[in-house]
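Top line first, the protein sequences correspond to chains A and B. Going by UniProt numbering, 78 is the number at position 78 of the first sequence; the sequence numbering is gapless. Going by UniProt numbering, 86 is the number at position 86 of the second sequence; the sequence numbering is gapless.
2 protein chains.
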Amino acid sequence: MSEEANNTKIKILELGDDFLRSRGFNSFSFKDISDELGLKKAAVHYHYPTKEDLGNEIINKAKERLKSFIISVDGTEKNEWQKLSDFLEFYAKYLEEEHICLIGSVGAEFHTLPDTMQDNAKQFIASAVGWLTELLELGKNKGIFQFNGEPDARALMILANMSGGLLLARMFGEDQFSKIVNGVKQSLMN
Amino acid sequence: MSEEANNTKIKILELGDDFLRSRGFNSFSFKDISDELGLKKAAVHYHYPTKEDLGNEIINKAKERLKSFIISVDGTEKNEWQKLSDFLEFYAKYLEEEHICLIGSVGAEFHTLPDTMQDNAKQFIASAVGWLTELLELGKNKGIFQFNGEPDARALMILANMSGGLLLARMFGEDQFSKIVNGVKQSLMN
DNA sequence: GTCTATACGCTGATAGAC
DNA sequence: GTCTATCAGCGTATAGAC
């Protein structure tokens, strides 16, 4: 695979990821991508034969990003509070271009998506829930977090806050998202 | 306007509402509606000339439902805790058919929607935020709710929990949504 | 009110030349 | 790897008959 090809394939993937989180899977086309990259649709199909292929690669890349994040953060001396902050910061970064996270973009159109994408997205989000649950449990045991209820319920609430918060931020501005992030942190300090 | 016409118009609106919250605005068509009702597309266009018209009527109906809810609930002896429970129950009902709320369905595709729909949806959701904020403030002053931070930040968190929770429920089941609802209630009792 | 017919661009996707 | 050409189907929308 040549350098050029690799670049194009990567650019398509990144642009697809951008479109998925800014418009939704059914609201962008291969033509949108080829136009933006100065190509023809057929060239996009060469790299990703079907839209389902592209969609799954986008989700796979999100899985890799999450895995990288976990490795990078769990391989440090950071305490649970700092790890949580880093995790929340992950979502705040989406905000810059009014993007939402995959929970929002995939979830909203969930039943219109190919089964492979539904399953793939479930795996991705389940990983996030799992890691966050462990983090909360460990942090609670150490006395770093204070909260009532089970850690997995808290993990779900935090992800609901982030995914829903990004949607609300789109309509009411970044400041509203900040309020939610602060509220989440405060809720773990009691 | 005859009885029949009225019925068809109402059926289209209800079906559009169903499709919007189950698939998303860009993932259903006038043909989907006409097929389901045993009509032709042109008949749908007769009642709602453009899809934008239909979309806005769906949002208008949501506004009316919210207004009715507020009137019905504020016109009773219910205390703030019960009113909040009723409000959360509003969202739990969506769950039955794996529907999401307008924050999720409109928010995810927000930038692909006509300006009129964006503005209309903003108004609707702002009303919900406003009512909820007042409820929280009043309830906190009465000692019915206990929470740190500003009421409007709490209102946003609750709506983020509901909208995000419905998305997560779609992937992980109703039980996960219940955990979030319980968590929200618990967070107001400290 | 609902129908048929029609317009026309966009959709995902493929075949084959270069 | 990218192109041109082509496909069948679907998208929103309109005109005009019944």
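Where is the CB? At the ideal position from N, CA and C, for every residue including glycine. The model shown is predicted, which means the values in this text are computed figures rather than measured ones.
Asked, Found
"Beta carbon of A:L102 nearer than 8 Å to that of A:A121", "yes"
"A:K93 versus A:S29 - alpha carbon distance", "25 Å"
"Stretch-stretch touch, CB-based, cutoff 8 Å, three pairs: the region 14-29 of chain B with the region 25-40 of chain A", "yes"
"Alpha carbon of B:V181 to alpha carbon of A:N148, nearest angstrom", "14 Å"
"Contact belief for A:L95 with A:L166 at Cβ below 8 Å, rounded distance in angstroms", "7 Å"
"Residues from the UniProt domain \"HTH tetR-type\" (6-66) of chain B in contact with chain A, defined by Cβ distance under 8 Å", "S22, R23, G24, N26 and S27"
"Terminal residues of the alpha helix (DSSP H) in which B:H99 lies", "Where B:H99 is concerned, there is no enclosing alpha helix (DSSP H), given that its DSSP letter is neither H nor E."
"For B:L37 and B:E15, believed in contact at Cβ under 8 Å, the rounded distance", "Checking the sequence shown, residue 15 of chain B turns out to be Leu, not Glu. Rounded, the Cβ-Cβ distance is 7 Å, consistent with contact."
"Backbone CA spacing between B:Q176 and A:Q123 [nearest angstrom]", "16 Å"
"Straight-line Cα distance separating A:V184 from B:P151", "14 Å"
"Distance CB(A:H45)-CB(A:K9) smaller than 8 Å", "no"
"Proximal residues of chain A, C-beta to C-beta of B:E122 below 8 Å", "First, the amino acid is wrong: residue 122 of chain B is Lys here, not Glu. In chain order: M171 and F172."
"Selection of the region 121-146 of chain A by Cβ proximity to chain B, strictly under 9 Å", "A121, K122, I125, A126 and V129"
"Partners in chain A for B:L156, counting only beta-carbon separations shorter than 7 Å", "L168, Q176, K179 and I180"
"B:R23, enclosing alpha helix (DSSP H) - first and last residue", "From DSSP, B:R23 is part of no alpha helix (DSSP H); its letter is neither H nor E."
"Length at least 4, wholly inside the region 26-54 of chain B: the alpha helix (DSSP H) runs in chain order", "30-37 and 41-47"
"Status (buried if at least 16 other CB within 10 Å, exposed otherwise) for A:S105", "buried"
"Beta carbon proximity, B:Q82 to chain A, threshold 8 Å", "no"
"Chain-ordered chain B contacts of A:E109 [CB-CB under 8 Å]", "R23, G24, S27 and A108"
"For B:M189 and A:E137, the rounded distance between their alpha carbons", "21 Å"
"Listed by chain order, chain B residues near A:N79 by CB distance under 9 Å", "The premise fails here: A:N79 is roughly 22 Å from chain B at the closest Cβ pair, so nothing lies under 9 Å."
"Candidates B:I100, B:A43, B:N6 and B:W81, of which the one nearest B:G173 by Cα", "B:I100"
"Coil, strand or helix - B:N7 by DSSP", "helix"
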